[in-house]
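Engineer:
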Amino acid sequence: MALTLVQNLALGDAQTSELTSSVCEPATAANDRQLFMTGNWFASSSTDAGATWTPISPFTRFPAAAGGFCCDQVVLYNPQHRIWIWLLQYSTGSNGENVFRLAISREASFGTWSYWDFAPGAVSASWAGQWFDYPDMAFTSANLFVTFNLFRGNAWQRAVVFRFPLATLASGGSLGYRVWSTTANGSIRLCRGPGATTMFMGSHNSSSQIRVFRWPDSATGLNWKDVAVRPWSEGAYAAPGPGGVNWLGRLDSRITGAWVGAGTIGFMWSANRDAKHPLPYIRAVRLKASDQSLLDEPDIWSRDAAWAYPAAAANAQGQAGFTAFYGGGKRHPAHAVGVHTATGWETRLTRTSTHSPPDQSWGDYLTVTPHHPTSAHWVASGYTLQGGNSRRHIEPRYVRFRA
784 MALTLVQNLA
794 LGDAQTSELT
804 SSVCEPATAA
814 NDRQLFMTGN
824 WFASSSTDAG
834 ATWTPISPFT
844 RFPAAAGGFC
854 CDQVVLYNPQ
864 HRIWIWLLQY
874 STGSNGENVF
884 RLAISREASF
894 GTWSYWDFAP
904 GAVSASWAGQ
914 WFDYPDMAFT
924 SANLFVTFNL
934 FRGNAWQRAV
944 VFRFPLATLA
954 SGGSLGYRVW
964 STTANGSIRL
974 CRGPGATTMF
984 MGSHNSSSQI
994 RVFRWPDSAT
1004 GLNWKDVAVR
1014 PWSEGAYAAP
1024 GPGGVNWLGR
1034 LDSRITGAWV
1044 GAGTIGFMWS
1054 ANRDAKHPLP
1064 YIRAVRLKAS
1074 DQSLLDEPDI
1084 WSRDAAWAYP
1094 AAAANAQGQA
1104 GFTAFYGGGK
1114 RHPAHAVGVH
1124 TATGWETRLT
1134 RTSTHSPPDQ
1144 SWGDYLTVTP
1154 HHPTSAHWVA
1164 SGYTLQGGNS
1174 RRHIEPRYVR
1184 FRA
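Set out below in structure tokens:
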């Protein structure tokens, strides 16, 4: 079955208030004709399926907190409770801490937001003077999960996982939650799928082993299993494009894609070139959800250009879809989406840049999630450079696709 782009929309300067960057970090979600998209510094919504977009300033939409709004954002729509969930990360204040803000808008009053703030020292006294960074967000049938890294200054301290009850988020009541942290693993990635009853998460132990965390909705805590996989290469990533510009100057091997569906969980990350792969590529592993045993390792790679920054989610049928970047060699950075089929990965470019970033900065993450109500489809975020190489030339994309 051919991969089809149902919608492939660009957001221009008017829709982003020119608050774009080559480290764009776009996220998007959809509820029928309601669409929402965020980036490192911008946010924009649509109520007519993307025909028009209205910019929303994350700097001024809410009251100030900590050192003011900073950057990283993630957005989701939860169809079970008919709520939009918007996560915003703030800058550090004078005490060295920041906050993350969890905002909720109901479908019927889309654009009217209530919110809760979380500061490290308020969550745990032992986290005082630390700050949250690099968020991820996904949900099961009963809970919303949020992950962060915690830093003290520039020094990594731990990774944290929050679990919030969706029913309480929807009702706007007093928000109790559970939280877990580890100093053994960082950048924990959450599996996205069609409302499972267990949240699976992944992080690297080494360049030949991943740790798969499992937190059932019915359990108060989580457990994990270590899974050996084929080794991959790390080090300085490079895939120079036209003019010799290396757009992968910020790339690393943390897990950026994770999904769960049809009895399978999967993880994706960017691996460096090796003897069998002439350019950086996407490592992918699929595991049985029942016991986290290895099924296969269907990597995505090319001899002509590099693959990088994947994100993934399963649709209502449990099929994996992904979003990523492709570039180097004769090609400036391009955005692509893909699906896993019985014969492997099928991919399609949505837009190719006209330029490469002169500061070699790109990333750091993308998102993809099932569309609602057409849950066999996915919606993905992406971006390219169009007409120049400054941050103003970054063009975010909202892409809806199906297998």
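Going by the numbering used here, the letters in the sequence shown line up with residues 784 to 1186, in that order. For every residue, glycine included, the Cβ atom is placed at its ideal position computed from N, Cα and C. Since this is a predicted model, take the numbers as computed values, not measurements.
Which class does Val-1196 belong to by DSSP, given the choice of helix, strand or coil?
Structural biologist: As shown, the chain starts at 784 and ends at 1186. That puts residue 1196 outside it, with no answer to give.
Engineer: For Val-789, does the count of other Cβ atoms within 10 angstroms reach 16, so buried, or fall short, so exposed?
Structural biologist: By the neighbour-count rule (16 or more Cβ atoms within 10 Å), Val-789 is not buried but exposed.
Engineer: Just how far apart, CA to CA, sit Ala-1054 and Cys-807?
Structural biologist: Approximately 21 Å, taken between the alpha carbons.
Engineer: By alpha-carbon positions, which one of Ser-827, Val-858, Ser-964 ends up nearest to Gly-1004?
Structural biologist: Selected option, being the one with the closest Cα: Ser-964.
Engineer: Between Gly-1112 and Thr-966, what straight-line distance do the alpha-carbon atoms span, to the nearest angstrom?
Structural biologist: Those two C-alpha atoms are separated by around 39 Å.
Engineer: Could you give the DSSP three-state label for Glu-1080: helix, strand or coil?
Structural biologist: Reduced to three states, the DSSP call for Glu-1080 is coil.
Engineer: Using the rule of at least 16 other Cβ atoms within 10 Å of the residue's Cβ for burial, across every protein chain shown, is Ala-1058 buried or exposed?
Structural biologist: Ala-1058 should be labelled exposed.
Engineer: Sort Asp-1087, Val-995, Gly-1024, Leu-792 by Cα distance to Val-1012 and report the nearest one.
Structural biologist: Nearest C-alpha to Val-1012: Val-995.
Engineer: Span of the alpha helix (DSSP H) holding Gly-904?
Structural biologist: Looking at the DSSP string, the run of the alpha helix (DSSP H) that includes Gly-904 is 903–906.
Engineer: Report the rounded CA-to-CA distance for Gly-959 versus Arg-1056, giving the unit in angstroms.
Structural biologist: In a straight line, the C-alpha of Gly-959 is about 45 Å away from that of Arg-1056.
Engineer: Under the rule that 16 or more other beta-carbon atoms within 10 Å means buried, what is Glu-1017, buried or exposed?
Structural biologist: Answer is exposed; the Cβ neighbour count stays below 16.
Engineer: Rounded to the nearest angstrom, what separates Ser-1173 and Cys-853 at their Cα positions?
Structural biologist: Approximately 20 Å, taken between the alpha carbons.
Engineer: Would you call the CB atoms of Ala-1072 and Gly-1032 closer than 7 Å?
Structural biologist: No, these two residues do not count as a Cβ contact at 7 Å.
Engineer: Going straight from the alpha carbon of Thr-1137 to that of Trp-1007, what length do you get?
Structural biologist: Cα to Cα, the separation comes out at about 44 Å.
Engineer: Quick one: grab the DSSP three-state call for Arg-1183.
Structural biologist: Strand.
Engineer: Identify every run of the beta strand (DSSP E) within the region 1111–1174, keeping only runs that are complete inside it and at least 3 residues long; order them along the chain.
Structural biologist: Entirely contained in the region 1111–1174, the beta strand (DSSP E) runs reaching 3 residues are, in chain order, 1114–1124, 1127–1135, 1151–1153, 1161–1168.
Engineer: Pick helix, strand or coil for Ala-849, following the three-state DSSP scheme.
Structural biologist: If DSSP states are grouped into helix, strand and coil, Ala-849 belongs with coil.
Engineer: Looking only at its chain, what residues have a beta carbon closer than 6 Å to the beta carbon of Phe-842, apart from the 5 residues adjacent to it on each side?
Structural biologist: Answer for Phe-842: Phe-852, listed in chain order.
Engineer: Give the C-beta separation of Ser-1158 and Pro-977 to the nearest angstrom, bearing in mind that I take them to be a contact with Cβ-Cβ under 8 Å.
Structural biologist: Their Cβ separation, rounded to whole angstroms, is 7 Å, which keeps Ser-1158 and Pro-977 in contact under 8 Å.
Engineer: Relative to the C-alpha of Phe-1108, which candidate in Ala-1088, Thr-837, Pro-1141 has its C-alpha closest?
Structural biologist: Nearest C-alpha to Phe-1108: Ala-1088.
Engineer: Since Val-1012 sits in a beta bridge, which residues does DSSP pair it with?
Structural biologist: None; Val-1012 has no bridge partner.
Engineer: By a C-beta neighbour count over all protein chains shown, 10 Å radius and 16 as the cutoff for buried, is Asp-1082 buried or exposed?
Structural biologist: Label assigned to Asp-1082: buried.
Engineer: Nearest to Pro-1025 by alpha carbon, out of His-1176, Gln-1143, Ala-1119?
Structural biologist: Ranking His-1176, Gln-1143, Ala-1119 by Cα distance to Pro-1025 puts Gln-1143 first.
Engineer: Could you give the DSSP three-state label for Glu-890: helix, strand or coil?
Structural biologist: Note: Glu-890 maps to helix in three-state DSSP.
Engineer: Mind reading off the beta-carbon distance from Ala-886 to Ser-897? Whole number of angstroms is fine, and I expect it under 8 Å.
Structural biologist: Indeed they touch by this definition, with Cβ atoms about 7 Å apart.
Engineer: Between the region 932–948 and the region 830–848, do three or more beta carbon pairs fall short of 8 Å?
Structural biologist: No contact exists between the region 932–948 and the region 830–848.
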